[in-house]
Amino acid sequence: MAMESFNKRLLDEIKIKNSHLCIGLDINPEGLNNPNSSLEELKSHTFKVIDATRDLAVAFKPNLAFFERWGSNGFKWLEETMDYIGPETITIGDAKRGDIGNTAKQYAMSLFDHFGFDSITLSPYLGYDSIGPFVLQSNKGVFLLCRTSNSSAKDVQDLRLSSNQLLFEQIARLAVKWNKNDNIGLVVGATMPEEITRVRNIAHNLPMLIPGIGAQGGDLKKSMEYGNQNGIAIINISRGISFAGDLSEIAIRDSAKQFLEQMREYS
1411 MAMESFNKRL
1421 LDEIKIKNSH
1431 LCIGLDINPE
1441 GLNNPNSSLE
1451 ELKSHTFKVI
1461 DATRDLAVAF
1471 KPNLAFFERW
1481 GSNGFKWLEE
1491 TMDYIGPETI
1501 TIGDAKRGDI
1511 GNTAKQYAMS
1521 LFDHFGFDSI
1531 TLSPYLGYDS
1541 IGPFVLQSNK
1551 GVFLLCRTSN
1561 SSAKDVQDLR
1571 LSSNQLLFEQ
1581 IARLAVKWNK
1591 NDNIGLVVGA
1601 TMPEEITRVR
1611 NIAHNLPMLI
1621 PGIGAQGGDL
1631 KKSMEYGNQN
1641 GIAIINISRG
1651 ISFAGDLSEI
1661 AIRDSAKQFL
1671 EQMREYS
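Count along the sequence shown starting at 1, add 1410, and that's the number in the working numbering.
Here is the structure:
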């Protein structure tokens, strides 16, 4: 029996949970308002976030930088986090890898085979050579950086090509072309609602991972209206949930429920 594609699984999970919520796990001492937080305290808070939101989130997105900062102990923390999430909830490894050949293969084996991520973020700047090793298994997905939410992204991603299209539009077109195994999606920032529309008009059926809500000032209503026209956009919230209120499990869950209710209202 053929494996279910990543994009099909994602759409099914969105429907089953009636949720478009992706929770970013960017846990750090600064967020806990204690620069002297121990690794055990960070680990405990990570598990608290997962416990508080497991039934609400379509996906958890650990940001690898926040684990790598701690060296080998951080990798152990990431392994334990993946075990704690378990196989039932989709995981996105926010790694933003971008390399070719054997190096890309090693990254794929690390993220998919060792850590067990269901999907990862990638930089497409090196072309298909940097994507190919990650999309061989249809049940493993990738989200390509397309139009990101940071302010300087326009310096590169809005460059106009000889074809008169913008660079991020070409990335979207290539993603459609490369999506042979139904396992490619796009990262498009919530701070750029017009660009969300332009990408959606090109990549009608690709999932969108939309960060930038909350601290970066993205528009949740427009992100849902423009990005979720086909029902397959997920909205990433990190600090707004993980470090909500008094950092208690109740505060974290209340914040997640509030974001989710807004998403349901706008979908």
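Yeah, the Cβ is synthetic: ideal placement off N, Cα and C, and Gly gets one too.
In the three-state DSSP reduction, L1435 falls in the strand class (E or B). If you check the CB distance, P1534 and L1521 do not come in under 8 Å. V1598 carries a strand assignment under DSSP once its states are collapsed to helix, strand and coil. Each of F1477, I1500 and E1498 was checked against the Cα of E1490, and the nearest Cα belongs to F1477. Bridge pairing for G1628: I1623 [DSSP]. Distances from the CA of A1505 to each of V1459, K1471 and D1493 were compared; the closest alpha carbon is that of K1471. A check of alpha carbon separations from T1558 across M1602, N1549, Y1517 and N1589 identifies M1602 as the nearest. S1652 sits away from N1593, with the two beta carbons spaced by 8 Å or more. Straight through space, the alpha carbons of S1658 and G1511 are spaced by roughly 45 Å. Pairwise C-beta distances place the region 1535-1547 out of contact with the region 1569-1579, as fewer than three of them are shorter than 8 Å.
Residue burial annotation: I1662 is buried, with at least 16 other C-beta atoms found within 10 angstroms of its C-beta. Around the C-beta of G1655, fewer than 16 other C-beta atoms lie within 10 Å, and the residue is accordingly described as exposed.
Cβ atoms of V1468 and H1430 come within 8 Å of each other, at about 6 Å. Between the region 1581-1592 and the region 1631-1638, the count of C-beta pairs closer than 8 Å stays below three; the two stretches do not touch. In this structure, DSSP gives L1554 an extended state, which the three-state scheme calls strand. Secondary structure within the region 1449-1516: the beta strand (DSSP E) runs of 3 or more consecutive residues, fully enclosed, are 1469-1472 and 1500-1507 (chain order). Residue state for S1520 is assigned as helix, using DSSP reduced to three classes.
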